[in-house]
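Numbering (my numbering), first residue to last: 82 to 587.
Glycine included, C-beta positions come from ideal geometry on N, C-alpha and C.
What you are looking at is a predicted structure, and each value in this text was computed from that prediction instead of being measured.
Below is one structure, written out as structure tokens; comments come after it.
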Ligand code: AHR
């Protein structure tokens with residue numbers, strides 16, 4: 082059980098069906114002190130893959146400021162780069178120095194395309210500076226060496242005199258970059274080298290020995306973690322790695338409708354695939370719980386973080402695009418998946434200290450799609466906009482007993498919730514209704530929470546397949562929510578079918 086369930090938000094089926102014309106529920110939020118929801122749970126991922134970097138963040142010889150401005154609005158806290166699988170084929174020296182002299186390489190991981198390395202270390206860190214976010218660099222274990230990793234850190238973070246630090250100065254950055262978040266490989270069980278957890282643990286200990294903290298940037302080392310519910314991987318790492326020098330262990334879990342071979346369309350699907358996707362998304366709760374329980378055995382004080390540094394829905398690529406580029410459209414369904422997953426993370430803020438949606442622009446569950454000089458914000462972007470109020474707020478614990486959304490003999494909870502109080506004392510409540518047909522009425526009790534007014538925003542649309550396109554970029558976008566009102570000391574909320582609502586109680 083999530084330890085937070087002792088504290089606070091209680092969602093219980095209470096009022097008989099029919100009173101409001103649909104299944105009503107009661108939500109009780111008690112004001113208690115839960116863990117802080119790290120802003121880094123709202124992190125993102127930008128791999129050198131398809132059109133994420135080139136065409137997405139970077140065009141010609143410059144960073145796209147339209148993309149930067151959109152991402153600044155949602156307060157991106159941390160950005161992961163250069164992969165992904167690509168991290169274990171990336172050699173940092175290929176991407177520094179005068180651009181016209183950079184090595185031409187082949188991206189053998191993603192589509193065998195030529196890589197001119199015009200976007201390298203300095204460009205990525207300039208992007209982070211423009212976004213006002215922390216960089217999270219994934220170092221190369223698969224085809225790299227401990228020396229190469231050690232040198233990259235010296236190049237980035239040493240403020241004194243050395244050949245590598247001088248090279249950084251010569252390349253235009255006199256001050257050290259102070260990079261703290263550092264991944265030691267990626268998916269080392271798969272594309273990162275097909276290792277066993279024991280073998281990887283040995284390599285992690287060896288590589289991390291040479292990852293030095295420079296005075297202004299204590300390293301936060303992140304070990305390459307499990308594939309979904311591979312609990313053996315986590316157990317083995319917790320046993321064998323040097324936990325004293327480890328800040329986090331990662332875990333990757335993607336929402337999948339079908340199989341890896343037949344993932345299904347991002348836009349052309351019916352209720353069966355809608356339901357399957359949501360069911361797959363909700364497995365995140367069990368998987369996080371499973372890894373956390375193992376980590377608790379070795380680290381009861383929760384010093385080591387679970388870092389979900391890849392998550393999101395993975396569908397077939399859009400027809401007519403290079404399948405290796407993983408370009409997919411983004412529907413209202415995906416927004417519900419994002420909000421549900423963020424609720425799960427908010428409710429596990431005691432162990433999850435960072436998460437990174439895959440991937441920011443033009444790849445998988447993207448926030449932004451670009452087409453030459455045009456760009457659009459996806460429904461998933463709008464969820465991050467609604468949820469930004471949770472960054473660094475104090476979580477209020479939840480226990481949810483929701484009405485079911487049933488389909489084809491299966492069922493899932495229709496409603497999921499998270500709640501938190503921010504540093505100004507405002508209570509934020511995020512509610513998601515996954516049922517595609519039924520609105521749900523919720524009555525709250527709020528012992529210990531006094532508020533004068535409620536306001537909120539809602540994200541919904543007529544169909545779960547609705548997307549934002551370059552022809553209709555604002556089809557799915559947030560609106561003022563008028564379905565919540567104060568009723569006595571509590572609230573009455575009419576949650577529309579397939580909607581995300583974030584309320585502010587002031
Ligand atoms: O995000 C796409 C890929 O998915 C990443 O490169 C890899 O880590 C994962 O398998």
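Asked: Closer than 8 Å: residue 292 CB and nearest the ligand AHR heavy atom; Found: no
Asked: Residues bridged to residue 509 [DSSP beta-bridge criterion]; Found: 501 and 585
Asked: Per-residue burial, residue 189 [other beta carbons within 10 Å of its own, 16 or more giving buried]; Found: exposed
Asked: Delimiting residues of the beta strand (DSSP E) encompassing residue 439; Found: 433–439
Asked: Residue 228 vs residue 174 beta-carbon contact at 9 Å; Found: no
Asked: Reduced DSSP category for residue 102 - H, G, I as helix; E, B as strand; rest coil; Found: Any reading at residue 102 must be qualified, since the residue scores a pLDDT of 40, below 50, and its modelled position is unreliable; the value itself is stated next. Coil at residue 102, not helix or strand.
Asked: Residue interval of the beta strand (DSSP E) (run including residue 306); Found: 301–308
Asked: Beta carbon of residue 224 nearer than 9 Å to that of residue 172; Found: yes
Asked: Segments of 3+ residues assigned as beta strand (DSSP E) that fall wholly inside the stretch 381–405; Found: 386–394
Asked: Classification of residue 454 by the beta-carbon crowding that lies within 10 angstroms, buried from 16 upward; Found: exposed
Asked: Buried or exposed (CB count within 10 angstroms, at least 16 for buried), residue 341; Found: exposed
Asked: Pairwise C-alpha distance: residue 281 and residue 312; Found: 15 Å
Asked: Own chain residues within Cβ distance below 7 Å of residue 317, not counting five before or after; Found: 278, 279 and 282
Asked: Reduced DSSP category for residue 588 - H, G, I as helix; E, B as strand; rest coil; Found: Coverage of the chain is limited to positions 82 through 587, which leaves residue 588 absent and any answer about it impossible.
Asked: Contiguous beta strand (DSSP E) assignments of at least 3 residues, all confined to the stretch 193–262; Found: 194–196 and 215–220
Asked: Which of helix, strand or coil DSSP assigns to residue 173; Found: helix
Asked: Bridge partner(s) assigned by DSSP for residue 332; Found: 307
Asked: The ligand NAP heavy atom lying under 8 Å from the CB of residue 499; Found: With respect to small molecules bound, the structure shown includes the ligand AHR and not the ligand NAP.
Asked: Near the ligand AHR: residue 335 beta-carbon under 8 Å from a heavy atom; Found: yes
Asked: Cβ contact (3+ pairs, closer than 8 Å) linking the stretch 569–586 and the stretch 524–536; Found: yes
Asked: Proximity test, residue 442 beta-carbon vs the ligand AHR heavy atom, cut-off 8 Å; Found: no
Asked: Contacting residues, own chain, Cβ-Cβ under 7 Å from residue 410 (five flanking each side not counted); Found: 347, 348, 399 and 548
Asked: Residue 196: CB within 8 Å of a non-hydrogen atom of the ligand AHR; Found: no
Asked: Beta carbon of residue 486 nearer than 9 Å to that of residue 517; Found: yes
Asked: heavy atom of the ligand AHR below 8 Å from residue 403 C-beta; Found: no
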